[in-house]
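Under the numbering used here, the first residue of the sequence shown carries the number 52, and numbering increases by one thereafter. Virtual Cβ for every residue (Gly too), placed ideally from N, Cα, C. Since this is a predicted model, take the numbers as computed values, not measurements.
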Amino acid sequence: MNSSIFEEWLVNFDKKKMRNQARKVLLVLDNVACHAYGAQLKNVKLLFLQPNTTSKVQPLDHGVIKCFEMEYRQCALRHVIARMDGCESASELSKKIPVGDALDWIKTSWKK
């Protein structure tokens with residue numbers, strides 16, 4: 052995500068979604084650079100977390116992220132082991148992973 056995508060989404064969310072529903076919302080955001088936004092919003096208020104607090108506020112993400120990473124690493128390891136023929140090191144093989152394979156592993160890992 053970049054700041055222009057976030058800004059476009061935020062303005063649309065404020066004007067079209069929340070104003071049409073006559074709702075007011077508070078969005079709690081981490082302090083990532085793409086979340087910087089200075090315009091006045093009518094129906095949305097932004098609350099930015101202090102640096103390094105996301106992991107404390109969202110502890111359940113740790114388990115999800117850890118499981119995802121573990122599944123992805125297993126896919127990568129299977130790929131490297133299947134292609135080791137003695138002439139290349141595992142380190143060299145891991146540098147040559149095709150992007151398409153990596154995307155497939157992401158999809159597979161997320162589904163698990």
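**OP:** Under the assumption that Asn-63 contacts Cys-85 (Cβ atoms under 8 angstroms), give the Cβ distance between them as a whole number of angstroms.
**Re:** Incorrect: roughly 16 angstroms between the Cβ atoms, too far for contact.
**OP:** Would you mind working out which of Val-108, Asp-152, His-130 sits nearest Leu-100, comparing C-alpha positions?
**Re:** If we check each option's Cα against that of Leu-100, Val-108 comes out closest.
Original post:
Within 10 angstroms of its Cβ, does Trp-156 collect 16 or more other Cβ (buried), or is it exposed?
Top reply: When all chains shown are included, Trp-156 counts as buried.
Original post:
Looking at the structure shown, is Leu-77 part of a helix, part of a strand, or coil, going by DSSP?
Top reply: strand
**OP:** For the alpha helix (DSSP H) containing Val-150, list its first residue and its last residue.
**Re:** 150-162
Original post:
First and last residue of the alpha helix (DSSP H) that includes Lys-146?
Top reply: Its alpha helix (DSSP H) spans residues 141-146.
Original post:
alpha helix (DSSP H) containing Phe-57: first to last residue?
Top reply: Following the DSSP letters along the chain, one finds Phe-57 inside the alpha helix (DSSP H) bounded by residues 54-63.
Subject >> Beta-ladder partner(s) of Lys-96, from DSSP >> reply: Leu-77
Subject >> Nearest candidate by alpha-carbon position, reference Ser-140, set Asn-71, Gly-151, Pro-149, Leu-128 >> reply: Leu-128
Original post:
Among the residues of its own chain, which have a CB less than 7 angstroms from the CB of Ser-145, if the five just before and after it don't count?
Top reply: Ala-127, Val-131
Subject >> Nearest-angstrom beta carbon gap, Leu-92 and Asp-65 [assumed within contact, 8 angstroms] >> reply: 5 angstroms
Original post:
Who are the Cβ neighbours of Val-76 in its own chain at under 8 angstroms, not counting the five residues just before and after it?
Top reply: Met-69, Asn-94, Val-95, Lys-96
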